[in-house]
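The next block holds one structure in the form of structure tokens; read it before the comments.
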Amino acid sequence: MDSIIVTGNGPLSGQIPIAGAKNACLTLMPATLLSEEPLTLTNAPRLSDIRTMTTLLQSLGAEVQSLQDGQVLAMSSHDINNHTADYDIVRKMRASILVLGPMLARDGHAVVSLPGGCAIGARPVDLHLRALEAMGAELDLRDGYVHAKAPSGGLRGGTVDFPLVSVGATENALMAATLAKGTTVIKNAAREPEIVDLADCLRRMGAQIEGDGSPTITVQGVDRLGGATHRVVTDRIELGTYMLAPAICGGEVTLLGGRIDLVGAFCEKLDAAGISVTETPEGLTVSRKTDRTKAVDVTTEPFPGFPTDLQAQMMALLCTADGTSVLEEKIFENRFMHAPELMRMGARIDVHGGHARVTGVEKLKGAPVMATDLRASVSLILAGLAAEGETVVNRVYHLDRGYEHVVRKLSGVGAKIERVKGQ
Ligand code: EPU
Numbered sequence: 146m147d148s149i150i151v152t153g154n155g156p157l158s159g160q161i162p163i164a165g166a167k168n169a170c171l172t173l174m175p176a177t178l179l180s181e182e183p184l185t186l187t188n189a190p191r192l193s194d195i196r197t198m199t200t201l202l203q204s205l206g207a208e209v210q211s212l213q214d215g216q217v218l219a220m221s222s223h224d225i226n227n228h229t230a231d232y233d234i235v236r237k238m239r240a241s242i243l244v245l246g247p248m249l250a251r252d253g254h255a256v257v258s259l260p261g262g263c264a265i266g267a268r269p270v271d272l273h274l275r276a277l278e279a280m281g282a283e284l285d286l287r288d289g290y291v292h293a294k295a296p297s298g299g300l301r302g303g304t305v306d307f308p309l310v311s312v313g314a315t316e317n318a319l320m321a322a323t324l325a326k327g328t329t330v331i332k333n334a335a336r337e338p339e340i341v342d343l344a345d346c347l348r349r350m351g352a353q354i355e356g357d358g359s360p361t362i363t364v365q366g367v368d369r370l371g372g373a374t375h376r377v378v379t380d381r382i383e384l385g386t387y388m389l390a391p392a393i394c395g396g397e398v399t400l401l402g403g404r405i406d407l408v409g410a411f412c413e414k415l416d417a418a419g420i421s422v423t424e425t426p427e428g429l430t431v432s433r434k435t436d437r438t439k440a441v442d443v444t445t446e447p448f449p450g451f452p453t454d455l456q457a458q459m460m461a462l463l464c465t466a467d468g469t470s471v472l473e474e475k476i477f478e479n480r481f482m483h484a485p486e487l488m489r490m491g492a493r494i495d496v497h498g499g500h501a502r503v504t505g506v507e508k509l510k511g512a513p514v515m516a517t518d519l520r521a522s523v524s525l526i527l528a529g530l531a532a533e534g535e536t537v538v539n540r541v542y543h544l545d546r547g548y549e550h551v552v553r554k555l556s557g558v559g560a561k562i563e564r565v566k567g568q
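Using my numbering, the letters of the sequence shown correspond one by one to residues 146 to 568.
Laid out in structure tokens, this is it:
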């Protein structure tokens, strides 16, 4: 297994290009299953999760061609000949559940493996299933699979009222509703930019959707969807992650393609911590206003709140802040596994249930550390950028799921970072 070695190296300067959003692309790709005509995505990120979704779609009979070094995905679902998403693929990536709504809506039946838990929490899929039931689907859970059938005549519009906000369940419901007969109202819908991006793409394919980006989405079902070409929205989590690099190390870095509206709540916390963010036509420029970052409290929430996917990276910043910060994780119950690793680097953190209390130290010290999930891995790299000495981050395959060319992007702004091949 490869590892990444980071050596604290002082201020950073330059530009980092931000890729298309992994989590948008992972829901835009299954949207191809809704139409017999081609769907082409541009600005796709080059990541192992995207390759996993490619394998899944291909296993169902879809064509997926990766063009222009992976930045263009040309897909066609003309010949869907298998309606079973196998456990061997689904267990690698939970987003696989997103093929359920589209397959069911288009062909009236689908069998999808239940994903199971993962490192950051239990992560059930009950809300996805509830939404499809509200559109008339009959579901049977057996042998670890969801066996789903639409009523004769296909899914019908209904009211989906989510008891809690779920990004994936909103996406599944939205895709299924585009081909359901009649009107579907999705209440307490997720408002993430990835939902708006999905709705934009579906509208290009001929869907009738209103209200995306607000808590109530209304979908008027249509008989069929056509083809489209769609540009994947900027990855707000990659953006926020790299904004933290100059915040932690000092210097000034411009994140090309960055927009404040994608990371509003995060920018408010950076401002309170003493980090300056300026928006220009080319992106966001970030620098530190003071010698030492100030402590701030952070609570993760659904969009437009502070994203859970930036909590680990923010913790890396707060480890050397002046004062004590409290981070509250409200989305995933077990998402503090980076804390003990950061403590190996000298951080002072107490975790109690959903809260982590971080008391800033002057300086972190390099150490061998272990990545436990995607965002945890990158938080360790960020911490290593400003630590004294060498930090070796092991198990970096997690990183390849969500960050393309991380070594190239960070060394391009002056960081001392290299990837070494495992035995
Ligand atoms: N939940 C349920 N039942 C469900 C679905 C969700 O109880 O049927 C719970 C979850 O366990 C969690 C909360 O609802 O406590 C929110 O989960 P959500 O469904 O919103 O998460 P997701 O759709 O599975 C996406 C991203 C995650 C990101 C979350 C929250 C994708 C592929 N994944 O997951 O991204 O953390 O939304 O914003 O879009 C990552 O990129 O590192 C990542 C984990």
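All residues carry an ideal CB built from backbone N, CA and C; glycine is no exception. This structure is a prediction, so every number in the text was calculated from the model and none was measured.
1. Which of the three DSSP states is assigned to TYR542 in this structure?
2. Tell me the rounded alpha-carbon separation between TYR232 and THR323.
3. Is it a yes or a no for the stretch 326-341 touching the stretch 282-294, going by three-plus beta-carbon pairs under 8 Å?
4. If you reduce the DSSP assignment to three classes, tell me which class LYS326 lands in.
5. Taking all protein chains shown into account, decide if LYS414 is buried (16 or more other Cβ within 10 angstroms of its Cβ) or exposed.
6. Which partner residues does THR445 have in the DSSP bridge list?
7. Looking at the strands, I want to know which residues DSSP matches up with ALA501.
8. Please say whether VAL312 and GLU339 have beta carbons closer to each other than 8 Å?
9. Tell me, to the nearest whole angstrom, how far the beta carbon of LYS439 is from that of ALA461; I am working on the premise that it is less than 8 Å.
10. Could you name the residues of the same chain whose beta carbon sits closer than 6 Å to that of ASP285, not counting the 5 residues immediately before and after it, in chain order?
11. Cβ of ALA240 versus every heavy atom of the ligand EPU: is any distance shorter than 7 Å?
12. With a cut-off of 8 Å on the beta carbons, I'd call ILE242 and VAL270 a contact; round off their distance for me.
13. Who are the near neighbours of GLY547 in its chain, counting only those whose CB is closer than 7 Å to its CB and skipping five residues on each side?
14. Under the assumption that SER180 contacts MET350 (Cβ atoms under 8 Å), give the Cβ distance between them as a whole number of angstroms.
15. What are the boundary residues of the alpha helix (DSSP H) that includes VAL270?
16. For a test of your reading of the model: does the CB of ASP416 fall under 7 Å from any non-hydrogen atom of the ligand EPU? Yes or no.
17. THR374 to GLU535, Cα distance in whole Å?
18. From the DSSP output, in three-state form, read off THR363 for me.
19. Can LYS167 be considered in contact with the ligand EPU, in the sense that its beta carbon sits closer than 7 Å to one or more heavy atoms?
20. Under the assumption that ARG540 contacts ALA512 (Cβ atoms under 8 Å), give the Cβ distance between them as a whole number of angstroms.
21. Quick check on the DSSP output: what are the complete beta strand (DSSP E) runs of length 3 or more inside the stretch 153-210, in order along the chain?
22. Per DSSP, what kind of secondary structure is CYS263 in: helix, strand or coil?
23. List the residues that DSSP assigns as beta-bridge partners of SER148.
24. Among GLY153, PRO247 and GLU473, which residue has its Cα nearest to the Cα of LEU202?
25. Taking 8 Å as the threshold (C-beta atoms), are VAL364 and ALA169 in contact?
26. What does DSSP give as the partner residues of HIS375 in its beta bridges?
27. Could you spell out where the beta strand (DSSP E) holding LYS294 opens and where it closes?
28. Specify the secondary structure class of ASP231 as computed by DSSP and reduced to three states.
29. Per DSSP, what kind of secondary structure is ASP306 in: helix, strand or coil?
30. Are the beta-carbon atoms of GLN213 and ASN188 separated by less than 8 Å?
Per the coordinate set shown:
1. On the sequence shown, residue 542 is found 397 positions in, with the first residue counted as 1. Helix.
2. By one-based count along the sequence shown, residue 232 stands at place 87. By one-based count along the sequence shown, residue 323 stands at place 178. When rounded, the distance between both Cα atoms is 27 Å.
3. no
4. To locate residue 326, count along the sequence shown from 1; it is residue 181. LYS326 falls in the strand class under three-state DSSP.
5. Along the sequence shown, read from residue 1 onward, the residue named residue 414 stands at position 269. Label assigned to LYS414: buried.
6. Residue numbering aside, residue 445 sits at position 300 when the sequence shown is read from its first letter. THR445 is bridged to PHE451.
7. Along the sequence shown, one-based indexing puts residue 501 at 356. Per DSSP, LEU472 and VAL496.
8. Taking the sequence shown and counting its residues from 1, the one referred to as residue 339 is at position 194. Taking the sequence shown and counting its residues from 1, the one referred to as residue 312 is at position 167. In contact: GLU339 and VAL312 (Cβ atoms closer than 8 Å).
9. Working through the sequence shown from its first residue, we reach residue 439 at position 294. Working through the sequence shown from its first residue, we reach residue 461 at position 316. About 15 Å; that fails the 8 Å criterion.
10. In the sequence shown, residue 285 corresponds to position 140, counting from 1. The answer, listed in chain order, is HIS292.
11. On the sequence shown, position 95 is the one that residue 240 refers to. For the ligand EPU, at least one heavy atom lies less than 7 Å from the Cβ of ALA240.
12. Counting from one through the sequence shown, the residue named residue 242 turns up at place 97. Counting from one through the sequence shown, the residue named residue 270 turns up at place 125. Between VAL270 and ILE242 the Cβ distance is about 5 Å, and since that is below 8 Å, they are a contact.
13. For the purposes of this step, residue 547 is identified with residue 402 of the sequence shown, where counting begins at 1. Correct list, in chain order: LYS167, LEU192, ASP194 and LEU519.
14. In the sequence shown, the residue the question calls residue 180 occupies position 35. In the sequence shown, the residue the question calls residue 350 occupies position 205. Right, their Cβ atoms sit about 6 Å apart.
15. As a working mapping, residue 270 is identified with position 125 in the sequence shown. Run containing VAL270: none; DSSP gives neither H nor E here.
16. As a working mapping, residue 416 is identified with position 271 in the sequence shown. Answer for ASP416: no, Cβ out of range of the ligand EPU.
17. Taking the first residue of the sequence shown as 1, we reach residue 374 at position 229. Taking the first residue of the sequence shown as 1, we reach residue 535 at position 390. Roughly 45 Å separates the two Cα atoms.
18. Looking up residue 363 in the sequence shown gives position 218. If DSSP states are grouped into helix, strand and coil, THR363 belongs with the strands.
19. Along the sequence shown, read from residue 1 onward, the residue named residue 167 stands at position 22. LYS167 Cβ: within cutoff of the ligand EPU.
20. As a first step, residue 540 must be located in the sequence shown, where it is residue number 395. As a first step, residue 512 must be located in the sequence shown, where it is residue number 367. That pair is no contact at about 15 Å.
21. 157-162 and 184-187
22. Within the sequence shown, residue 263 is the residue found at index 118, counting from 1. It is a strand residue.
23. Residue mapping note: residue 148 aligns to position 3 of the sequence shown, counting from 1. Per DSSP, VAL565.
24. Taking the first residue of the sequence shown as position 1, residue 202 is located at position 57. Out of GLY153, PRO247 and GLU473, PRO247 has the C-alpha closest to the C-alpha of LEU202.
25. Your numbering for residue 169 matches position 24 in the sequence shown. Your numbering for residue 364 matches position 219 in the sequence shown. Cβ distance not < 8 Å, so ALA169 and VAL364 don't count as in contact.
26. Position 230 of the sequence shown, counting from 1, holds the residue named residue 375. Paired residues: LEU186.
27. As a first step, residue 294 is located in the sequence shown; it is residue number 149 there, counting from the start. Residues 290-294.
28. Along the sequence shown, read from residue 1 onward, the residue named residue 231 stands at position 86. Residue state, collapsed to three classes: coil.
29. Your numbering for residue 306 matches position 161 in the sequence shown. The answer is strand: DSSP assigns ASP306 an E or B state.
30. Translated into positions along the sequence shown, residue 213 becomes position 68. Translated into positions along the sequence shown, residue 188 becomes position 43. No, the pair does not count as a contact, with Cβ atoms beyond the cut-off.
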